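S.K.:
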Amino acid sequence: MPSRKGRVLRATFGCNPNSSSLGVDVTFLLFGATFAGALALFLGALLRRPRALLHVDREMMRELGQPESPLWDSGEGSDAPLVAPTEVHLVLSRRCAAGCRGCYVDATPRGAALSPQEACSILDELATMGVFHVALGGGEALELPYLFEIAAHARQVGITPNLTTSGLGLTEELAERCRVFGQINVSVDGVGEAYRRARGFDGFARAERALRLLRGVKEEVGVNCVVSRSSFDGLGSVARLVRKLRLNELELLRFKPVGRGASLDEELSPDQARRIYPLARRLMLRYRIRVKLDCSFAPMVFWHRPSARAAAFWGVQGCVAGDVLAAVSPEGHLQGCSFAGPSEADARLPGAIRAAWPAGFSSFRGFVRDAPEPCASCDYLRLCRGGCRAVAGAHGSFSAPDPGCPRVQEWAARSSADRRAGSFALPVVGA
């Protein structure tokens with residue numbers, strides 16, 4: 088077999104069930120880029136044939152028999168956006184009867200929803216742009232009578248539909264119909280009483296039943312767990328559940344103070360922010376499960392100074408909104424992220440997404456170029472991209488560094504100390 092000169096530049100694995108998934112795959116980052124080949128047998132057994140997206144150079148494209156493209160010589164720099172996002176989070180509705188106390192879309196039983204015609208029209212446009220997969224969610228997508236119609240249409244036009252669900256209303260019949268999806272993650276923010284504290288109602292038994300039903304019909308089933316100040320200590324129990332039910336991933340999602348969550352004091356403490364990455368590694372190794380941290384955890388990961396080369400190769404990155412990710416709200420707003428960002432267009436209008444994508448999303452895309460300190464001098468700026476824009480916006484400034492970043496907190500503390508050390512009080516002189 089002739090040797091290849093082309094190179095794989097980056098590899099990302101799995102189909103993401105929600106927009107936050109484009110973050111840190113602890114499994115691969117732990118082993119780095121150099122030793123992953125030697126551990127292929129272990130990784131293969133652990134991950135059970137995950138789907139992969141490989142970024143390759145032009146030489147490898149030629150070796151694979153792909154025709155030359157004008158885009159290769161477009162003169163665009165490395166920071167130019169792709170011609171389309173690789174993933175779009177399609178928030179089908181703000182409709183859900185559960186009433187979770189921290190719901191980021193503020194879902195209600197009569198919330199707004201995209202019609203099936205609108206959703207399918209959006210999928211048609213995404214398909215012509217070359218989008219690979221969509222994350223379908225809500226609200227509770229399973230409450231929509233036309234969910235499976237939308238998923239089938241996505242398959243028909245060549246897009247993989249993935250799903251996030253609470254699983255509360257899942258039946259055996261619905262579980263069978265869920266074969267149409269790629270990855271399905273059920274939201275479980277704690278086990279037993281911890282679930283009730285996190286969600287505001289006792290739904291763990293139904294969520295666990297949904298996981299068992301789904302695992303009975305397909306392998307690509309995992310757990311989404313929102314990591315908040317009060318749920319942090321219960322992550323081990325959630326990891327044990329993932330292992331016990333033979334699920335294919337545990338996705339840890341950082342709590343974001345948006346929607347109904349804006350009224351809760353649940354953001355991670357500084358100590359928890361520093362501990363989340365080592366904890367995720369321990370859970371992965373102890374329970375032999377795949378653990379992922381969402382993109383908003385990137386500042387917490389890079390504070391531990393992992394190999395930048397390995398991080399770049401395995402696609403470990405911070406905010407990718409408006410880069411490889413976009414979102415569509417139930418009202419049709421095209422945004423960089425389902426958690427935050429201005430509306431770039433009405434995605435329900437034919438051609439609007441394609442027209443807005445090349446030059447839009449400046450509030451996301453411009454951060455690295457205009458980054459303030461301490462991001463500007465950070466070695467991981469181009470990977471982290473300033474952390475989570477949603478969290479920064481919730482604290483007052485969309486363009487500010489993520490206030491939950493340990494490095495930002497340390498920099499702020501030093502700056503405050505320097506200001507105090509440089510101040511002095513004039514003596515009070517009597518008349």
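Heads up: the sequence shown begins at 88 in my numbering, then just goes up one per residue.
Backbone N, C-alpha and C fix where the C-beta goes; we use that ideal spot for every residue, glycine too.
Only a predicted model underlies this, so the values are computations on that prediction, with no experimental measurement involved.
Compare the C-alpha of residue 403 against each of 422, 383, 256 and 417 and name the closest.
M.R.: If we check each option's Cα against that of residue 403, 383 comes out closest.
S.K.: Applying the 10 Å Cβ sphere with the 16-neighbour rule, what's the burial state of residue 144?
M.R.: Looking at its Cβ environment, which holds fewer than 16 other Cβ atoms inside 10 Å, residue 144 is exposed.
S.K.: Using C-beta distances below 7 Å, list every residue in its chain close to residue 366, excluding the 5 sequence neighbours before and after it, in chain order.
M.R.: Counting only Cβ-Cβ distances below 7 Å, and skipping sequence neighbours, we find 322.
S.K.: Taking only the alpha-carbon atoms, compute the straight-line gap between residue 203 and residue 428 and give it to the nearest angstrom.
M.R.: One C-alpha to the other measures close to 25 Å.
S.K.: Pick helix, strand or coil for residue 312, following the three-state DSSP scheme.
M.R.: Residue 312 falls in the strand class under three-state DSSP.
S.K.: Could you give the uninterrupted runs of the beta strand (DSSP E) lying entirely in the region 384-433, keeping only those of 3 residues or more?
M.R.: Qualifying beta strand (DSSP E) stretches, in chain order: 412-415 and 420-422.
S.K.: Kindly say whether residue 485, judged by its beta-carbon, lies nearer than 7 Å to any beta-carbon of chain C.
M.R.: No chain C is part of this structure, which consists of one protein chain only.
S.K.: At which residues does the beta strand (DSSP E) containing residue 338 begin and terminate?
M.R.: 337-341 is the span of the beta strand (DSSP E), which, as asked, contains residue 338.
S.K.: Go through its chain and collect everything with a Cβ distance to residue 211's Cβ below 7 Å, but skip five positions before and after it.
M.R.: Within the same chain, residue 211 has close Cβ partners 244.
S.K.: What does the alpha-carbon distance come out to for the pair residue 461 and residue 494?
M.R.: Near 8 Å, if we compare the C-alpha coordinates of residue 494 and residue 461.
S.K.: What is the DSSP secondary structure of residue 176, counted as helix, strand or coil?
M.R.: In the structure shown, residue 176 sits in a strand (DSSP, three-state: E or B).
S.K.: For the 8 Å Cβ check, are there 3 or more pairs between the region 284-291 and the region 262-273?
M.R.: These segments do not touch.
S.K.: Label residue 396 either buried or exposed according to how many other C-beta atoms from any shown protein chain fall within 10 Å of its C-beta, with 16 as the threshold for buried.
M.R.: Its Cβ having fewer than 16 others within 10 Å, residue 396 is exposed.
S.K.: To the nearest angstrom, report how far apart residue 258 and residue 251 are at their CA atoms.
M.R.: So the two alpha carbons sit approximately 16 Å from each other.
S.K.: Shortest alpha-carbon distance to residue 307 belongs to which of 394, 208, 248 and 480?
M.R.: Closest by alpha carbon: 248.
S.K.: In terms of residues, what are the limits of the alpha helix (DSSP H) holding residue 222?
M.R.: No alpha helix (DSSP H) contains residue 222, which is instead part of the beta strand (DSSP E) from 220-224.
S.K.: In this structure, does DSSP put residue 142 in helix, strand or coil?
M.R.: Note: residue 142 maps to strand in three-state DSSP.
S.K.: Determine, using beta-carbon pairs with one atom in the region 352-364 and one in the region 308-319, whether at least three such pairs fall under 8 Å.
M.R.: Contact between the region 352-364 and the region 308-319 is present, because at least three Cβ pairs lie under 8 Å.
S.K.: Going by beta carbon distance, what residues of the same chain come within less than 7 Å of residue 468, once the five residues before and after it are set aside?
M.R.: Closer than 7 Å at Cβ, skipping near neighbours: 455, 458 and 462.
S.K.: Provide the residue span of the beta strand (DSSP E) that contains residue 250, from first to last.
M.R.: Element bounds for residue 250: 247-252.
S.K.: Can you round the beta-carbon distance between residue 303 and residue 335 to whole angstroms, since I take them to be within the 8 Å contact cut?
M.R.: With a Cβ gap of about 14 Å, residue 303 and residue 335 do not count as contacting.
S.K.: Return the chain-ordered list of same chain residues with a C-beta closer than 8 Å to the C-beta of residue 228, the five sequence neighbours on each side being excluded.
M.R.: These residues qualify, in order along the chain: 179, 180, 234, 250, 251 and 252.
S.K.: So the candidates are 406, 240, 449 and 230; which of them puts its Cα closest to the Cα of residue 208?
M.R.: It is 240.
S.K.: Just the Cα atoms here: how many angstroms apart are residue 96 and residue 452?
M.R.: Cα to Cα, residue 96 sits roughly 21 Å from residue 452.
S.K.: So who's on the other strand from residue 97, going by DSSP bridges?
M.R.: Paired residues: 142.
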